[in-house]
Structures are given as structure tokens and as C-alpha cells.
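Here is the structure we will look at, set down as C-alpha cells.
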Amino acid sequence: MNVYVINGPNLNLLGTREPEIYGYDTLADIEKRCQALGRKHGLDVAFLQSNHEGTLVDWIQQAMGSVAAIVLNAGAYTHTSVAIHDALRAYTGYKIELHISNPHLREPFRHLSYVSPASDAVVAGLGVAGYELAIGILPEVLENFQH
Amino acid sequence: MPNSSILILNGPGLRERRDPSGGPSLADIEQQCLAKGEQLGLAIDFRQSDEITELARLIVHERSQHSALIINPVSYADAPTTDTGLLVQALQLSAAVDQPVIEVHLRNTFLPDSTIKHPLLAVDSHIAFIAGLGAHSYLLALNAIQQQLAQGATS
């Protein structure tokens, strides 16, 4: 079963950018752990990152039909992108919105998410551990999921 | 033997809740949490109250006896009301207790048809948020807490 983990803008800086908020793990560290965990659960995890909104939209469109679930950390596009919202609504697989910190505890401009209303579930504030925790729960959640 | 205990608080209406889509009852969720707790070596204190004052009392008086708090505030996650204020105050009053806190909801509270419009626990603290996974919202929270407690113990 294929799973996309899609990361948005600035997540390539993980480990160096404001580590007191986002932690010291790099995105490559997280990718390695997610893919190992995926293999354990029979999930083929493609771990993607782009700073470009249109590329994120392309990946969500590509997932259609062949990818069972998307874990999406859209970064700051969460709060601005109607295009990502629309792409998610068109995608009929399972969608988890993920954030390393809890946006609702941060600046007011992070309180609105265009991703949340187009997702099945929201996981926020668990640090970088949230990625593995989300992937770890997917097999059971997908068992009961039908759109 | 479990060496950490987790307080799980459930808000108004959850005891009577019957999910028309065949989702789990609160008793089912409690059983799943107890099983997960056993697997992770965590003792589970699973409570429910329809009274916001009782939930606030439990937070203020019992939180410190536990290693972490999971709370499903249900409708009290709605826009600022006096009742919400009470829960937020209770969390702030007990904020000196340095422990993981995770707000959970069965459904995604941000879906257009959700009756719950705002997350409750937007207080100045490291509160995590999990919604939309059904009973798995609780189980994911327990997995996360077990990891955090294990890391805290080694660091």
C-alpha cells in the first residue's frame, strides 16, 4: 500500500530553523524513520518536500487512485492555499493534516487552516514524532476507511 | 507493572453518545484505551462527566497525581463561553504541573458540518491536538505520551 508524506515550505530547513519550536531532527532523519516504520507495516512511504505550492498540488493530484493515504504538513501554505484545499477535496484517499507544533497556540494568522476542512484527521503539536505516530496508526485506520 | 498513570477526561454527552455511523461507544473506547495502556505499561484513569465544573475540578485536583492528561472536551471546545473559560482556567491553574496534555476529538472538528467550531485548549502551553481518528485519536495520544514519557525519563 502506497502512502505519501508531503511536506511544504521551509520544512527542508528542519533541524536548523527555530529548533526550540521544531526540534533538532532533520527532514532526512524523519524520512528514514518513516520509511523504516512503513516497511514494518507493509506501507510504501514516499517522503516528499517542496517549497512550491504548485508542486504540492501536483503531488496530491498524482496520488489519486494509486496512493491510499496522504500525510500532509503543508507548512505555511496551510493558512493561505485554496489550491491545496481544492486538490485535497478532489483526492479520495485518506488524508491526515500534520503539524509539528500546534498552530492554534501560535500567532493568530496560523489559526485558520484551509487544509483542515479538506482532511479526515488533524494531528498537531506532537513534535516531529507526529510523523511516525501518524504512519503507525494508518494501517488500523485504513482498515475501517471508505469514502 | 505500569509506572505511569494517564488521566483521560471525557466531556458532556459522550456517555450517552450513539454514533449513527456505527462508531465506537465510550465504553468501547475505554476498553481500547485500557488495552493500549496495558500494552504500553501505562495505567489509565478514564473519566466522563456532563458537568463542566466537575471536569475543571478533576483537572485542578487530580491532574498532579498523573503523568499526563488526555481530554475530549466535546462541545466545550466551542467559541469562548463561560464554561470554556472554566476549563481553560483549570488548565492554567494546574499549568505548573509539567506534563503532556493532548486534546482529542473523535471527529475532525474542522469539517464544514462539525458542530464543534474551535479547539478549546488554546492556552499558553504545549498542548497537542488530535481529531478525526475516532477511537484511534485516543490511542494515538497514548502512543505519543508513552514516547514523551520515555524520552523524558532518559534525557
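Sequences listed follow chains C and V, in order.
1 is the number of the first residue of the first sequence in the working numbering; add one for each residue after it.
1 is the number of the first residue of the second sequence in the working numbering; add one for each residue after it.
C-beta atoms are modelled at their ideal positions from N, C-alpha and C, and glycine is treated no differently.
(request) List in chain order: all unbroken beta strand (DSSP E) runs of 3+ residues lying wholly within the segment 13-93 of chain C. (result) Counting only runs of 3 or more, we get 44-49, 69-73.
(message) Please classify R106 (chain C) as buried or exposed, where buried requires at least 16 other C-beta atoms within 10 Å of its C-beta.
(response) Its Cβ having fewer than 16 others within 10 Å, R106 (chain C) is exposed.
(request) Tell me whether E103 (chain V) sits in a helix, a strand or coil according to DSSP, three-state version. (result) Three-state DSSP puts E103 (chain V) in a strand.
(message) Going by DSSP in three states, S94 (chain V) sits in which element: helix, strand or coil?
(response) Note: S94 (chain V) maps to coil in three-state DSSP.
(request) Count the other C-beta atoms from every protein chain shown that fall within 10 angstroms of the C-beta of D113 (chain V), then say buried if there are 16 or more, exposed otherwise. (result) Around the C-beta of D113 (chain V), fewer than 16 other C-beta atoms lie within 10 Å, and the residue is accordingly described as exposed.
(message) If you follow the beta strand (DSSP E) that V115 (chain C) is in, where does it begin and where does it stop?
(response) Here V115 (chain C) belongs to no beta strand (DSSP E), and DSSP marks it neither H nor E.
(message) So the candidates are V:I59, V:F110, V:Y138, V:S137; which of them puts its Cα closest to the Cα of L87 (chain V)?
(response) Of the residues V:I59, V:F110, V:Y138, V:S137, the one whose Cα lies closest to the Cα of L87 (chain V) is V:I59.
(message) Pull the bridge partners of H99 (chain C) from the DSSP assignment, please.
(response) H99 (chain C) is bridged to C:A124.
(message) Would you say S137 (chain V) lies against chain C (beta-carbon separation less than 9 Å)?
(response) By this cut-off, S137 (chain V) is an interface position.
(request) Check whether the segment 91-107 of chain V touches the segment 38-51 of chain V, taking contact to mean three or more Cβ pairs, one atom from each stretch, closer than 8 Å. (result) Inter-segment contact for the segment 91-107 of chain V and the segment 38-51 of chain V is absent: fewer than three beta-carbon pairs are separated by less than 8 Å.
(request) Answer yes or no: do D120 (chain C) and N108 (chain V) have a C-beta to C-beta separation smaller than 9 Å? (result) For the 9 Å CB-CB criterion, D120 (chain C) and N108 (chain V) form a contact.
(message) Less than 9 Å between the beta carbons of Y91 (chain C) and A63 (chain C), yes or no?
(response) Yes; because the gap between Cβ atoms is below 9 Å, this pair is in contact.
(request) Express the C-alpha separation of D28 (chain V) and I6 (chain V) in angstroms, rounding to a whole number. (result) Cα to Cα, I6 (chain V) sits roughly 18 Å from D28 (chain V).
(message) Output needed in chain order: residues of the segment 105-118 of chain C with a Cβ under 7 Å from some Cβ in chain V.
(response) Identification of residues in the segment 105-118 of chain C having a C-beta nearer than 7 Å to some C-beta of chain V yields L105, S113, S116, P117, given in sequence order.
(request) With a cut-off of 8 Å on the beta carbons, I'd call E140 (chain C) and V122 (chain C) a contact; round off their distance for me. (result) About 18 Å separates the two Cβ atoms, so there is no contact after all.
(request) Step through the CB atoms of chain V and report whether any lies within less than 9 Å of the CB of V140 (chain C). (result) For the sequence presented, residue 140 (chain C) should be read as Glu rather than Val. Among the CB atoms of chain V, one or more fall inside 9 Å of the CB of E140 (chain C).
(request) Could you spell out the range, first to last residue, of the beta strand (DSSP E) harbouring L34 (chain V)? (result) Unbroken run through L34 (chain V) is the alpha helix (DSSP H), 26-40; no beta strand (DSSP E).
(message) Cutting at 7 Å between CB atoms, please list the residues of its own chain near Y77 (chain C), excluding the five before and the five after it.
(response) Only G8, P9, E53, L56, I84 meet the Cβ criterion.
(message) Buried or exposed, going by whether 16 or more other CB atoms sit within 10 Å of the CB of E38 (chain V)?
(response) Answer is exposed; the Cβ neighbour count stays below 16.
(message) So, at 7 Å on beta carbons, what are the nonlocal neighbours of L37 (chain C) in its own chain, with the 5 sequence-adjacent residues on each side left out?
(response) The beta carbon of L37 (chain C) is closer than 7 Å to those of E132, I135, G136 in its chain, skipping five residues each way along the sequence.
(request) Output yes if chain V places a C-beta closer than 9 Å to the C-beta of D155 (chain C); else output no. (result) Chain C is shown only over 1 to 147; residue 155 (chain C) falls outside these bounds and no answer can be derived.
(request) Would you tell me roughly how many angstroms separate the C-alpha atoms of D44 (chain C) and L9 (chain V), rounded to the nearest one? (result) So the two alpha carbons sit approximately 36 Å from each other.
(message) Does the CB of A144 (chain V) have a neighbour CB from chain C at under 9 Å?
(response) True, the Cβ-Cβ gap to chain C drops below 9 Å.
(message) I believe L133 (chain V) touches K36 (chain V) by the beta-carbon criterion, under 8 Å. Please report the beta-carbon distance rounded to the nearest angstrom.
(response) Incorrect: roughly 13 Å between the Cβ atoms, too far for contact.
(message) Assuming L9 (chain V) is part of the beta strand (DSSP E), what are its boundary residues?
(response) For L9 (chain V), the enclosing beta strand (DSSP E) covers residues 4-10.
(request) Count the other C-beta atoms from every protein chain shown that fall within 10 angstroms of the C-beta of G152 (chain V), then say buried if there are 16 or more, exposed otherwise. (result) Answer is exposed; the Cβ neighbour count stays below 16.
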